[in-house]
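If you're matching positions, the sequence shown starts at 1 in the UniProt record's numbering and goes up one per residue. What follows is one structure encoded as structure tokens, with my remarks underneath.
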Amino acid sequence: LDTLEKWVTEIFSEIPNNGLPKPSFGHLTQPFDTPEFHKLYRVVPIRKVHSLTITWALPPQEQFYRVKPLHYISWLVGHEGKGSVLSFLRKKFWALALYGGNGETGFEQNSTYSIFSISVTLTDEGYKHFYEVRFPAVCFSCCFPNVWENECVSFCLQVAHVVFQYVKMLQKRGPDQRQVIWEEIQKIEANEFHYQEQTDPVDYVENLCENMQLFQKEDFLTGDQLLFEYKPEV
Numbered sequence: 001l002d003t004l005e006k007w008v009t010e011i012f013s014e015i016p017n018n019g020l021p022k023p024s025f026g027h028l029t030q031p032f033d034t035p036e037f038h039k040l041y042r043v044v045p046i047r048k049v050h051s052l053t054i055t056w057a058l059p060p061q062e063q064f065y066r067v068k069p070l071h072y073i074s075w076l077v078g079h080e081g082k083g084s085v086l087s088f089l090r091k092k093f094w095a096l097a098l099y100g101g102n103g104e105t106g107f108e109q110n111s112t113y114s115i116f117s118i119s120v121t122l123t124d125e126g127y128k129h130f131y132e133v134r135f136p137a138v139c140f141s142c143c144f145p146n147v148w149e150n151e152c153v154s155f156c157l158q159v160a161h162v163v164f165q166y167v168k169m170l171q172k173r174g175p176d177q178r179q180v181i182w183e184e185i186q187k188i189e190a191n192e193f194h195y196q197e198q199t200d201p202v203d204y205v206e207n208l209c210e211n212m213q214l215f216q217k218e219d220f221l222t223g224d225q226l227l228f229e230y231k232p233e234v
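So this is what it looks like as structure tokens:
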């Protein structure tokens, strides 16, 4: 460690500190506030695969890194147990996998906006029903025992509407009094952080340098992985 410190001091000590503030682009308007964003696009892939991706453009969330609200939502959306979106779609033989989340850096999260996406890998049968119109009632049972009661909603039975109705249910119920879910996520992320495999030193330094541009000094090492504060209002 002493040798590394000596090298860093020799190499970087001569770089001047201009005392300039961190650049911010928060003054810019939402780049996706355009009619082209509120459309359904069909893309023909090279290989045979059916995938439905739904994307939301949100206000910038990087200042809430200690709470990680999008990580909380992606955890619920990506849950695969009883009562989840994927469990329901699999019972219909409509989907193989589902992923929801935000990359937390770069294009998906910055000082101008944040992107949240849900992607569903469809079966051939699911592709036939990804935007079909029917009207039954579907019941989302509790994803986490003793936290949510069964939630029944009536909607068009299609993959896209199943996703939207699940998100609507989460919005309706809200995070109030659901701290047990957040704490469960917090413990899992803490265990993964403490028992993670050793990474390549170059990759680790690169990631640390990026964290130095995003987080407070005390969170350089942990800000991109750990959850610190439970704030349901966020």
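In this text, a Cβ means the ideal position worked out from N, Cα and C, and glycines have one as well.
Which residues mark the beginning and the end of the beta strand (DSSP E) in which Ile118 is found?
Residue mapping note: residue 118 aligns to position 118 of the sequence shown, counting from 1. In this chain, the beta strand (DSSP E) harbouring Ile118 covers Ser114 to Leu122.
In angstroms, rounded to a whole number, what distance separates the CA positions of Gln196 and Ala190?
In the sequence shown, counting from the first residue as 1, residue 196 sits at position 196. In the sequence shown, counting from the first residue as 1, residue 190 sits at position 190. Each residue's CA atom was taken as its position, placing Gln196 and Ala190 some 10 Å apart.
Assigned secondary structure, Gln165 (DSSP; H/G/I helix, E/B strand, else coil):
Position 165 of the sequence shown, counted from the first residue, corresponds to residue 165. Gln165 falls in the helix class under three-state DSSP.
Between which two residues does the beta strand (DSSP E) carrying Tyr99 extend?
The residue you call residue 99 lines up with position 99 of the sequence shown. It spans Ala95 to Gly101 - the beta strand (DSSP E) in which Tyr99 sits, taken as one unbroken run.
With DSSP run on the structure shown, which of helix, strand or coil describes Leu20?
For the purposes of this step, residue 20 is identified with residue 20 of the sequence shown, where counting begins at 1. Under the three-state reduction of DSSP, Leu20 is assigned to coil, being neither helix nor strand.
Between Leu20 and the rest of its own chain, which residues show a CB-CB distance below 7 Å, the 5 nearest in sequence each way excluded?
One-based indexing of the sequence shown puts residue 20 at position 20. Closer than 7 Å at the Cβ level, and outside the excluded window around Leu20, lies no residue.
Residues of its chain near Phe32, where Cβ-Cβ distance is below 8 Å and the 5 sequence neighbours each way are ignored:
Within the sequence shown, residue 32 is the residue found at index 32, counting from 1. Closer than 8 Å at the Cβ level, and outside the excluded window around Phe32, lie Ala57 and Tyr113.
Is it true that the stretch 100 to 111 meets the stretch 21 to 40, where meeting means three or more beta-carbon pairs spaced less than 8 Å apart?
They touch, by the three-pair rule.
Starting from the C-beta of Tyr127, find all residues in its chain whose C-beta is less than 8 Å away, skip the five residues before and the five after it, and write them out in chain order.
Locating residue 127 in the sequence shown gives position 127, counting from the first residue. Taken in chain order, the residues that qualify are His50.
Within 8 Å, strictly: CB atoms of Thr123 and Leu96
Locating residue 123 in the sequence shown gives position 123, where the first residue counts as 1. Locating residue 96 in the sequence shown gives position 96, where the first residue counts as 1. Yes, they are a contact pair.
Nearest candidate by alpha-carbon position, reference Gly101, set Phe88, Tyr65, Tyr72 and Leu214
Here the question's residue 101 lines up with position 101 in the sequence shown. For Gly101, the closest C-alpha among the options Phe88, Tyr65, Tyr72 and Leu214 is that of Tyr72.
Val167 versus Ile46: straight-line alpha-carbon distance, rounded:
Mapped onto the sequence shown, residue 167 falls at position 167. Mapped onto the sequence shown, residue 46 falls at position 46. Cα to Cα, the separation comes out at about 31 Å.
Among Glu233, Phe228 and Pro232, which residue has its Cα nearest to the Cα of Lys65?
Against the sequence shown, residue 65 aligns to sequence position 65. The sequence given here places Tyr at residue 65; Lys does not occur at that position. From the listed residues Glu233, Phe228 and Pro232, the smallest Cα separation to Tyr65 is found for Phe228.
Would you call Lys68 buried or exposed, if buried means 16 or more other Cβ atoms sit within 10 Å of its Cβ?
Stepping through the sequence shown from its first residue, residue 68 is reached at position 68. Residue environment for Lys68: buried (at least 16 other C-beta atoms within 10 angstroms of its C-beta).
What number of angstroms, rounded off, separates the C-alpha of Phe116 from the C-alpha of Leu76?
What you label residue 116 is simply residue 116 of the sequence shown in a count that begins at 1. What you label residue 76 is simply residue 76 of the sequence shown in a count that begins at 1. One C-alpha to the other measures close to 13 Å.
So Val120 and Leu52 are in contact, right, with Cβ under 8 Å, and what is the actual spacing, rounded?
To locate residue 120, count along the sequence shown from 1; it is residue 120. To locate residue 52, count along the sequence shown from 1; it is residue 52. The pair is a contact, with the Cβ atoms about 5 Å apart (cut-off 8 Å).
Closest to Glu184 by CA distance: which of Leu86, Pro35 and Tyr230 is it?
On the sequence shown, position 184 is the one that residue 184 refers to. Out of Leu86, Pro35 and Tyr230, Tyr230 has the C-alpha closest to the C-alpha of Glu184.
Residue from Lys6, Val159, Gly174 and Val43 whose Cα sits closest to the Cα of Phe93
For the purposes of this step, residue 93 is taken as the residue at position 93 of the sequence shown. Of the candidates Lys6, Val159, Gly174 and Val43, the one whose C-alpha sits nearest the C-alpha of Phe93 is Val159.
Delimiting residues of the beta strand (DSSP E) encompassing Ser51
The residue labelled residue 51 in the question sits at position 51 within the sequence shown. Looking at the DSSP string, the run of the beta strand (DSSP E) that includes Ser51 is His50 to Leu58.
Run through DSSP, which three-state label would Gln198 get?
For this step, residue 198 is matched to residue 198 along the sequence shown. Gln198 falls in the coil class under three-state DSSP.
Beta-carbon spacing of Glu80, Leu214 below 8 Å:
Mapped onto the sequence shown, residue 80 falls at position 80. Mapped onto the sequence shown, residue 214 falls at position 214. Going by beta carbons, Glu80 and Leu214 fall outside the 8 Å limit.
Would you please state the rounded distance, in angstroms, between the beta carbons of Leu208 and Phe220? I believe it to be under 8 Å.
Position 208 of the sequence shown, counted from the start, is the residue given in the question as residue 208. Position 220 of the sequence shown, counted from the start, is the residue given in the question as residue 220. At roughly 6 Å, the Cβ-Cβ gap stays under 8 Å, so Leu208 and Phe220 are in contact.
Just to confirm the assignment, what range does the alpha helix (DSSP H) spanning Ile46 have?
Taking the sequence shown and counting its residues from 1, the one referred to as residue 46 is at position 46. In the DSSP annotation of this structure, Ile46 is not part of any alpha helix (DSSP H), being labelled neither H nor E.
Is Gly174 buried or exposed, if buried means 16 or more other CB atoms sit within 10 Å of its CB?
Here residue 174 refers to the residue found at position 174 when the sequence shown is read from its first residue. Exposed is the call here.
Going by DSSP in three states, Gln171 sits in which element: helix, strand or coil?
Locating residue 171 in the sequence shown gives position 171, where the first residue counts as 1. Reduced to three states, the DSSP call for Gln171 is helix.
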